[in-house]
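Undergrad:
Numbering (the numbering used here), first residue to last: 171 to 600.
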């Protein structure tokens with residue numbers, strides 16, 4: 171049950187056993203103190219087995235004896251594989267419940283996850299968040315309950331899709347809720363997308379100021395723009411619009427920024443073990459083009475999903491950059507619309523509180539709307555080409571995109587094996 175459901179915590183890092191009892195009937199009459207002791211013993215056994223595995227090879231004979239003795243006497247864990255599985259799942263559920271589901275503006279953060287072919291035709295971006303909520307509620311092995319949970323909306327979306335396309339010949343296999351393996355892969359992909367977007371936003375810092383006068387000029391230029399955006403924030407109300415200014419819950423960024431030459435390891439969590447032959451690290455590592463332009467992510471580079479414009483420029487979904495214009499930092503991102511039909515170009519002004527955002531299917535329209543809000547003088551807008559504002563016309567950016575696409579193509583031509591660890595009743599792939 172721990173492997174399937176994980177555990178939840180109250181304030182003070184105290185386990186919420188009431189939540190667990192509601193879902194596991196055999197535990198309903200056990201005292202919290204008894205469950206605390208059992209959990210501590212199980213975790214201790216898991217770590218002990220791992221420590222035995224990590225001992226020096228010189229002590230291999232003694233290690234084998236100790237390992238065998240531990241397996242025979244252990245109350246809960248009887249193999250190293252099982253021990254790693256327990257710790258992995260505990261870490262996974264803690265990250266899901268503490269970091270992901272508690273994250274402000276989670277629906278917006280999860281937009282742009284690459285769509286997998288094994289998903290049903292009715293699957294939309296909103297269902298990614300619903301899948302995580304389902305895993306939180308029902309665990310990682312109760313997919314039937316997740317599919318039928320009316321609060322999550324999967325059955326309703328499926329029925330609505332069938333009604334809408336009633337006159338067409340529908341493929342039943344493309345309408346069914348994803349199978350176990352597909353669900354597990356989707357959960358991992360969603361979590362990895364979340365980690366990439368959240369962690370890369372933490373590597374931003376101030377650019378070095380060339381001299382005192384330059385710093386003062388930038389600060390003076392930034393102040394009226396911020397005040398103008400703040401006034402618009404007070405006047406704005408209602409739900410976010412498809413192409414307009416909407417509030418975002420982001421932190422304050424000062425004028426003049428760049429990315430550090432570091433990146434958080436998106437595979438560091440035990441629950442998110444790396445698949446062999448995954449996307450090259452350079453796709454998510456901050457790429458500094460100039461003092462005023464840094465690319466945080468080159469996006470999804472699956473060749474079959476890429477589109478090029480009449481000039482041959484590639485704009486991958488998930489492309490994310492930051493550019494400083496007249497002393498003000500702006501974030502640029504390419505995303506899929508909620509219905510998955512259109513490509514949307516998003517511009518954010520993170521130097522204001524609250525943060526504002528414009529989005530449009532035209533990169534020029536999206537940038538122009540932001541520039542009108544940010545600069546009182548129309549001549550202050552140096553870009554009349556939307557993709558140039560996004561950094562997509564920079565030769566260095568297109569060259570790096572071609573390099574990464576070449577690596578991706580080689581991977582697709584020589585697909586690697588995927589490690590799978592099977593366990594009776596608890597088949598989570600790694």
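For glycine and all other residues, C-beta sits at the position ideal for the given N, C-alpha and C.
(1) Just to confirm the assignment, what range does the alpha helix (DSSP H) spanning residue 203 have?
(2) When you compare only the Cα positions, how much space is there between residue 360 and residue 498?
(3) Helix, strand or coil: which one does DSSP assign to residue 494?
(4) Tell me which same chain residues have a C-beta within less than 6 Å of the C-beta of residue 405, skipping the five on either side of it?
(5) Measure from the C-beta of residue 326 to each C-beta in chain B and report whether the shortest distance is under 9 Å.
(6) Rank 262, 264 and 346 by C-alpha distance to the C-alpha of residue 287 and give the top, closest one.
(7) Determine the DSSP secondary structure at residue 273, reduced to helix, strand or coil.
(8) Would you decide whether residue 268 is buried or exposed? Buried here means 16 or more other CB atoms lie within 10 Å of its CB.
(9) Going by the CB atoms, is the gap between residue 349 and residue 293 shorter than 9 Å?
(10) Could you check what DSSP says for residue 171 in three-state terms: helix, strand or coil?
(11) Count Cβ pairs between the region 519 to 535 and the region 304 to 320 that sit closer than 8 Å; are there 3 or more?
(12) State the start and end residues of the unbroken alpha helix (DSSP H) segment that holds residue 303.
(13) Please return the same chain residues whose Cβ sits closer than 6 Å to the Cβ of residue 280, not counting the five positions on each side in sequence.
(14) Figure out for me which residue from 289, 358, 205 and 295 has the closest Cα to the Cα of residue 344.
(15) At which residue ranges does the region 335 to 375 contain complete beta strand (DSSP E) runs of 3 or more residues, listed in the order of the chain?
(16) Using CA atoms only, rank isn't needed, just tell me which of 352, 273, 324 and 334 is closest to residue 365.
(17) Secondary structure at residue 502, three-state DSSP: helix, strand or coil?
(18) Between residue 490 and residue 526, which are expected to be in contact by the criterion C-beta below 8 Å, what is the C-beta distance as a whole number of angstroms?
(19) The alpha helix (DSSP H) with residue 507 in it runs from where to where?
(20) Which two residues bound the contiguous beta strand (DSSP E) that contains residue 261?
(21) Would you identify the three-state DSSP class for residue 572, choosing helix, strand or coil?
(22) Check the DSSP bridge columns for residue 126 and list the partner residues they point to.
TA: Answer, in terms of the structure:
(1) For residue 203, the uninterrupted alpha helix (DSSP H) segment begins and ends at 202 to 223.
(2) C-alpha of residue 360 to C-alpha of residue 498: approximately 31 Å in a straight line.
(3) Residue 494 falls in the strand class under three-state DSSP.
(4) Because the pLDDT at residue 405 is just 49, under 50, the model does not fix this residue reliably, and the point stays unresolved.
(5) The structure shown contains no chain B, having only a single protein chain.
(6) Here the closest residue by C-alpha is 346.
(7) In the structure shown, residue 273 sits in coil (DSSP, three-state: anything other than H, G, I, E or B).
(8) Exposed: under 16 other Cβ atoms inside 10 Å.
(9) Taking 9 Å as the Cβ cut-off, residue 293 and residue 349 do not qualify as a contacting pair.
(10) In this structure, residue 171 counts as coil in the three-state DSSP scheme.
(11) These segments do not touch.
(12) For residue 303, the enclosing alpha helix (DSSP H) begins and ends at 296 to 308.
(13) Within the same chain, residue 280 has close Cβ partners 298 and 299.
(14) Considering only 289, 358, 205 and 295, the residue with the shortest C-alpha distance to residue 344 is 289.
(15) List check, beta strand (DSSP E) in window: nothing returned.
(16) In terms of CA proximity to residue 365, 273 leads the group 352, 273, 324 and 334.
(17) Three-state result, residue 502: strand.
(18) That belief does not hold up - the Cβ atoms of residue 490 and residue 526 are roughly 17 Å apart, past 8 Å.
(19) Looking at the DSSP string, residue 507 is not in any alpha helix (DSSP H), and its letter there is neither H nor E.
(20) Counting along the chain, residue 261 falls outside any beta strand (DSSP E), though it belongs to the alpha helix (DSSP H) covering 250 to 264.
(21) It is helical.
(22) No answer is possible for residue 126: the residues shown for the chain start at 171 and end at 600.
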